[in-house]
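Here is the structure we will look at.
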Amino acid sequence: MASQDEHIIKWLNGEITDDELKQVVGESDVAKYKQITQEVDQWEPENSDQFRINVQDILQEKKTITRSIDWWKPVSIAASIALVLTVSVWLMFFNDTTTYYAEVGETKEVILPDGKSKVTLSSGSELIVNRSAWKKGGRPVKLKGKGLFEVEPGDPFSVDAEVGNVTVLGTTFTVDAFDTSMEVICFEGKVKATVSANDVIVNGGESYLFHEDKWEEMVPVKTDKPSWLQGELSFTNAPLKQVIQSLEKEFDITIQTGKVDLKRRFTGTFPKNNLNAALKIVFDPLGISFEIKDKTVTLSK
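For the sequence shown, position 95 (counting from the first letter as 1) is numbered 100 according to the numbering used here, and the numbering increases by one without interruption.
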């Protein structure tokens with residue numbers, strides 16, 4: 006798979022679109038690249054013969070063989086290389102952190118810095134990646150919400166989900182962090198999940214939920230990928246609080262729970278594209294009434 010620098014060069018040459026580049030580096034970085042290109046267009050070196058940049062020294066600090074390129078000749082290649090170097094150095098020292106966000110009602114696929122591992126974010130979820138940390142031998146990321154991780158074997162990979170942490174070497178799994186709880190589902194391989202010094206090993210085909218200060222019993226997983234990638238949301242004995250948070254993120258709504266007992270559990274599946282149907286499926290079996298007004302849903306017993 007092409008590196009981030011190669012994607013940037015393709016973008017500069019018009020070979021890929023803005024949206025395609027966003028999938029690799031994130032929307033915020035694409036905006037910054039555009040700003041830098043405007044500045045590069047205005048550069049006028051006083052002496053082009055002396056204005057040289059050592060490409061290998063910047064991109065491969067540990068290699069001894071280097072190559073100097075006069076990036077004003079030829080112009081088409083030089084412009085691409087100059088911008089890539091400028092962006093690379095700028096990101097290295099000033100903006101090594103990229104934040105990816107899945108818009109409401111959508112999922113977002115993110116290719117991670119190793120070029121092979123990827124994360125698919127669920128609606129309303131956020132992923133933060135710091136490239137500097139990856140260069141030090143680990144592969145840490147931060148997650149706010151829910152995501153599917155497909156991790157290639159290699160250096161240790163860790164997910165900071167605010168509530169707890171998940172560490173792996175190579176596997177496929179999902180993490181759903183909500184309130185003070187966290188659910189970890191492993192589809193392939195093995196992961197270690199930790200919340201407040203409480204560890205659990207999650208094998209492929211298993212799901213564990215940390216809720217009310219303890220890991221609950223293992224729940225078998227019968228699918229090879231999460232339901233939210235297939236247009237629906239499925240839960241097995243899930244706390245109502247977890248289900249409500251998923252509804253809020255998926256449909257961009259606020260649910261006022263009133264005196265509803267949030268410790269109750271829900272098992273079932275509902276569509277991601279029909280709010281009224283989803284609310285009926287979740288709340289009718291529990292004997293909970295709901296009223297929809299604009300972007301607010303009010304529950305009552």
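Heads up, the beta-carbon is just placed ideally off N, CA and C, and yes, glycines get one too. Here the structure is a predicted model, which means the values were calculated and not measured.
Buried/exposed call for residue i, threshold 16 Cβ in 10 Å
i           : result
residue 71  : The pLDDT assigned to residue 71 is 39, lower than 50, so where the model puts this residue is not dependable; a value taken from the coordinates is nonetheless given after this. Result: exposed.
residue 34  : buried
residue 80  : Since pLDDT at residue 80 reaches only 47, below the 50 mark, its modelled position is unreliable, and the value read off the structure follows with that caveat. Exposed: under 16 other Cβ atoms inside 10 Å.
residue 298 : exposed
residue 228 : exposed
residue 276 : exposed
residue 306 : exposed
residue 318 : The chain is shown from 6 up to 306; residue 318 falls before or after that span and cannot be answered.
residue 282 : exposed
residue 107 : buried
residue 75  : Any reading at residue 75 is ruled out, since the residue's pLDDT is 47, under 50, leaving its predicted position unreliable.
residue 94  : Bear in mind that the predicted position of residue 94 carries a pLDDT of just 48, short of 50, making it unreliable; the figure below should be weighed with that in mind. It is exposed - the Cβ of residue 94 has fewer than 16 other Cβ atoms within 10 Å.
residue 113 : buried
residue 36  : exposed
residue 53  : Because the pLDDT at residue 53 is just 45, under 50, the model does not fix this residue reliably, and the point stays unresolved.
residue 127 : buried
Opposing strand residues paired with residue i [DSSP bridges]
i           : result
residue 138 : In the DSSP output, where bridge partners are listed per residue, residue 138 has none listed.
residue 106 : 131
residue 261 : 303
residue 163 : 145, 172
residue 298 : 301
residue 208 : 195
residue 288 : Bridge partners of residue 288: none, in fact.
residue 229 : BP columns for residue 229 are empty, so no partner.
residue 239 : 274
residue 201 : Answer by DSSP bridge pairing: none, since residue 201 is not bridged.
residue 180 : 152, 189
residue 123 : 116, 155
residue 213 : 189
residue 224 : 212
Reference residue i; option with closest CA among the options
i           : options            : result
residue 139 : 163, 218, 130      : 163
residue 185 : 172, 298, 198, 168 : 168
residue 226 : 219, 242, 216      : 242
residue 288 : 246, 298, 149, 278 : 246
residue 252 : 109, 270, 15, 269  : 109
residue 217 : 13, 165, 203       : 203
residue 134 : 105, 198, 114, 113 : 105
residue 29  : 206, 11, 224       : 11
residue 116 : 254, 25, 39, 220   : 25
residue 170 : 199, 302, 152      : 199
residue 268 : 248, 254, 244      : 244
residue 301 : 254, 39, 126       : 254
Beta carbon of residue i nearer than 7 angstroms to that of residue j
i           : j           : result
residue 280 : residue 295 : no
residue 311 : residue 291 : This structure leaves residue 311 out entirely; the chain is present only between 6 and 306.
residue 144 : residue 101 : no
residue 271 : residue 240 : yes
residue 21  : residue 15  : yes
residue 132 : residue 148 : yes
residue 129 : residue 150 : yes
residue 286 : residue 265 : no
residue 207 : residue 196 : yes
residue 103 : residue 31  : yes
* To do: Indicate whether the contact test is met: 3 or more Cβ pairs, each with one atom in the stretch 108-124 and one in the stretch 151-159, closer than 8 angstroms.
  => yes
* To do: Could you tell me whether the stretch 159-170 touches the stretch 204-214, where touching means 3 or more Cβ pairs closer than 8 angstroms?
  => no
* **Touch test, the stretch 160-179 against the stretch 189-209, Cβ-Cβ under 8 angstroms, three pairs minimum** => yes
* **the stretch 222-237 / the stretch 256-267 touching (three or more Cβ pairs under 8 angstroms)** => no
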